[in-house]
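Chemist:
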Amino acid sequence: MTDFDYCIIGGGVIGLACAYELSHHGSVLLLEQNNRFGAETSSRNSEVIHAGLYYAPGSLKERLCIEGKQRLYRFCENFDVPHKAIGKLIVAPESGQEQLTQLLRKGRNLRIPLQSLDQQQLQDMEPQVRGYVALYSPTTGIIDSHSYMERLAQQAEQRGALLLKHSRVVSASERDNGWQIEVCSMDGVSSIRCAALVNAAGLQAQKMAHALGIKESRIPKLYLCRGHYFSYQSKNPFRHLIYPLPEKNLAGLGIHATLDLGNQLRFGPDTEYLSDDTPDYRVDPALAPTFARAIQRYFPGLKEQHLQPDYAGIRPKLHTKHETAADFNIQRPDNSAPAVHLFGIESPGLTASLAIGTFVTEMLQK
176 MTDFDYCIIG
186 GGVIGLACAY
196 ELSHHGSVLL
206 LEQNNRFGAE
216 TSSRNSEVIH
226 AGLYYAPGSL
236 KERLCIEGKQ
246 RLYRFCENFD
256 VPHKAIGKLI
266 VAPESGQEQL
276 TQLLRKGRNL
286 RIPLQSLDQQ
296 QLQDMEPQVR
306 GYVALYSPTT
316 GIIDSHSYME
326 RLAQQAEQRG
336 ALLLKHSRVV
346 SASERDNGWQ
356 IEVCSMDGVS
366 SIRCAALVNA
376 AGLQAQKMAH
386 ALGIKESRIP
396 KLYLCRGHYF
406 SYQSKNPFRH
416 LIYPLPEKNL
426 AGLGIHATLD
436 LGNQLRFGPD
446 TEYLSDDTPD
456 YRVDPALAPT
466 FARAIQRYFP
476 GLKEQHLQPD
486 YAGIRPKLHT
496 KHETAADFNI
506 QRPDNSAPAV
516 HLFGIESPGL
526 TASLAIGTFV
536 TEMLQK
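Okay, so the sequence shown: first residue is 176 according to the working numbering, each after it adds one.
Have a look at this one:
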């Protein structure tokens, strides 16, 4: 006998999306160690619904982002999640024309709606933006990620899922072709049995995989990468998201301009690889000049004094800053009780979340 069909470790957007999808197929328990869902990576990002343009051909990031974008928009419409497809401009100087052309060709091959803009067309759309050429992505949007996670939780609970906060996994071991999990909560330590397990622990996924006895060779090395954001303390001049050309190796998408649903403008994130595995979410005001120089390449009217430190997020990367961007690593070890481990779920994880939930469900049902 088991207490639950599925146990999910981690209550960020990926764990909640897995709970939503798996609750269609059996009983679900989700364990989150913090006092709220999405307290780490899921609540410290740009809240952008990506079109799926940037990722390696045939990669999980590309496939799940494109599939997930369509499903996310439908979910938002069906469950009243605040969102808006405001569109994105990818802006390039004259020297970046070839790179922009390659992005346009790639997008069209993927049937992603894109429009090529010359300098005058760009000025007509965003008079304060400087660039020689640009791409317009009309299906890029923004979302209230907190409302989205609340709706995922509500829908999963309506199907009988049990979602627990303040619940930390102390240990887990295989038993009778399933799992026995010791959980520490505010009520003490309890033992729970489940048939299958999902490791969606985000920044802690590698540590959790070690605790679950996964072979060392199957666990990818984690590189924590901090991204800072600065808010703009003046009148917002933009109607769209503004992105520079993506950085080499996709360490990041460059310090871009994003809007929230309240029309507040902020800039970020940058990319800072951390030397230890202790997340630090402070934003150093001394970064403002570096941000200003990067932003002024496409927004020359920016004044540094209008930048105010806002927040930072930590991305669980699987590559160094000198390596090609790694794909999502989602695996089901074949030498253990049923389990799926999710490593390196950074951007476009929010956009891809529902597609990831379905992907995990299908892996567990094979």
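Glycine included, every Cβ here is placed at the ideal spot set by N, Cα and C.
(1) Could you spell out the range, first to last residue, of the alpha helix (DSSP H) harbouring Leu327?
(2) Quick check on Gly588: does DSSP put it in helix, strand or coil?
(3) Buried or exposed: Thr533, going by 16 or more other Cβ atoms within 10 Å of its Cβ?
(4) By Cβ distance, which residues of its chain are closer than 6 Å to Leu339, with the 5 residues on each side in sequence left out?
(5) In chain order, which beta strand (DSSP E) runs of at least 3 residues are fully inside the region 188-251?
(6) Would you call the CB atoms of Cys240 and Ala527 closer than 7 Å?
(7) Taking contact to mean 3 or more Cβ pairs, one atom from each stretch, closer than 8 Å, check whether the region 497-515 and the region 200-215 are in contact.
(8) For Asp299, is the classification buried or exposed, using 16 other Cβ atoms within 10 angstroms of its Cβ as the cut-off for buried?
(9) Whose CA, out of Ser366, Leu416, Glu447, lies closest to the CA of Arg401?
(10) For Tyr311, tell me which candidate among Tyr323, Lys496, Ala226, Met324 has the shortest Cα-Cα distance.
(11) Roughly how many whole angstroms lie between the Cα atoms of Leu436 and Asp255?
(12) Have a look at the DSSP bridge pairing and note the partners of Ile184.
(13) Can you tell me which of the three DSSP states Gln408 falls into?
(14) Applying the 10 Å Cβ sphere with the 16-neighbour rule, what's the burial state of Thr536?
(15) Within 10 angstroms of its Cβ, does Gly476 collect 16 or more other Cβ (buried), or is it exposed?
(16) Thinking C-beta only, is Ile367 closer than 7 Å to Val373?
Modeler: Reading from the atomic positions:
(1) Position 152 of the sequence shown, counting from 1, holds the residue named residue 327. Run containing Leu327: 320-333, per the alpha helix (DSSP H) assignment.
(2) Given that the chain is displayed from residue 176 to residue 541, the structure contains no residue 588 and the question cannot be resolved.
(3) Residue 533 sits at position 358 when you count from the first residue of the sequence shown. Classification for Thr533: buried.
(4) Here residue 339 corresponds to residue number 164 of the sequence shown, with the count starting at 1. Hits under 6 Å: Leu206.
(5) 203-206
(6) Position 65 of the sequence shown, counting from 1, holds the residue named residue 240. Position 352 of the sequence shown, counting from 1, holds the residue named residue 527. Their beta carbons are under 7 Å apart, which means Cys240 touches Ala527 by this criterion.
(7) no
(8) Position 124 of the sequence shown, counted from the start, is the residue given in the question as residue 299. With fewer than 16 Cβ atoms within 10 Å of its Cβ, Asp299 is classed as exposed.
(9) If you number the sequence shown from 1, residue 401 lands on position 226. With distances taken between Cα atoms, Arg401 lies closest to Glu447.
(10) The residue given as residue 311 occupies position 136 in the sequence shown. Of the candidates Tyr323, Lys496, Ala226, Met324, the one whose C-alpha sits nearest the C-alpha of Tyr311 is Ala226.
(11) Reading the sequence shown from its first residue, position 261 is the one you call residue 436. Reading the sequence shown from its first residue, position 80 is the one you call residue 255. Answer to the nearest angstrom: the Cα atoms are 14 Å apart.
(12) On the sequence shown, residue 184 is found 9 positions in, with the first residue counted as 1. Beta-bridge pairing links Ile184 to Leu206, Asn374.
(13) As a first step, residue 408 must be located in the sequence shown, where it is residue number 233. Three-state result, Gln408: coil.
(14) Numbered from its first residue, the sequence shown carries residue 536 at position 361. Buried, since its Cβ has 16 or more Cβ neighbours within 10 Å.
(15) By 1-based counting over the sequence shown, the position of residue 476 is 301. That one is exposed.
(16) As a position in the sequence shown, residue 373 is number 198, starting the count at 1. As a position in the sequence shown, residue 367 is number 192, starting the count at 1. The answer is no: Cβ separation not under 7 Å.
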